[in-house]
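Heads up, the sequence shown is in my numbering, so the first residue is -3 and it goes up one at a time.
Where a beta carbon is used, it is the ideal one built from N, C-alpha and C, also for glycine.
A short worksheet on the structure shown next.
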Amino acid sequence: MRAAVLTVSDRVSRGEAEDASGGLLEELLRGDGHEVERAVVPDEAAAIAAAIEELAGSASLVLTTGGTGLAPRDVTPEATRTVLQREAPGIAEALRADAIARTPHGLLSRGAAGVIGRTLVVNLPGSTGGCRDGYAVLRPSLEHAVSLLAAEPTAHRQS
């Protein structure tokens, strides 16, 4: 599977901070045998939306990291929703439920998930812990989700 990781961070985009969460997601995806493309954008809705659309053009999965909280510049979910063709609320709900079970701050996450064409897009928090835990929630269903989007036969649906 070809995946993309989009880091949303003013500080990382200016070179003022290390992209720890994006690096971790790349490591996890590569560890599962996936090709990974990386991109970084500032916390600007138009830049986020454009990057998601561009990455979705060549990847089966786009994971974003950052911009999902309550801070004034946390606009990743809003930007994501402007380009999604269909939402996948169960994914966002599962990520939040897992996060809430781990930390009371988990209920502050506003991440979205959905589909652009044949690409799954999922917002993850900007922390390495949130990305690691979120990927663990997604991992068991990723292959099935990507197969469904690609219209490939699955265990539940034969061609």
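Three-way DSSP call (helix, strand, coil) for residue i in this model
i: residue 114; result: coil
i: residue 40; result: coil
i: residue 59; result: strand
i: residue 148; result: coil
i: residue 92; result: helix
i: residue 35; result: strand
i: residue 45; result: helix
i: residue 82; result: strand
i: residue 52; result: helix
i: residue 120; result: strand
Selected residue, minimal CA-CA separation from residue i, among the options
i: residue 21; options: 147, 120 and 48; result: 120
i: residue 199; options: 131, 50 and 5; result: For the chain, the structure presents residues -3 to 155; residue 199 sits outside this window and is missing.
i: residue 140; options: 95, 56, 81 and 83; result: 56
i: residue 61; options: 29, 108, 112 and 143; result: 108
i: residue 34; options: 148, 16, 113 and 111; result: 16
i: residue 82; options: 118, 51, 112 and 12; result: 112
Exposure of residue i, with buried meaning 16 or more beta-carbon neighbours within 10 Å
i: residue 63; result: buried
i: residue 129; result: buried
i: residue 78; result: exposed
i: residue 155; result: Residue confidence for residue 155 is low, a pLDDT of 48 falling below 50, so the modelled location carries little weight and cannot support an answer.
i: residue 28; result: exposed
i: residue 138; result: buried
Start and end residues, alpha helix (DSSP H) containing residue i
i: residue 76; result: 72 to 79
i: residue 124; result: 124 to 145
i: residue -1; result: Not the alpha helix (DSSP H): residue -1 falls in the beta strand (DSSP E), residues -2 to 4.
i: residue 17; result: 16 to 27
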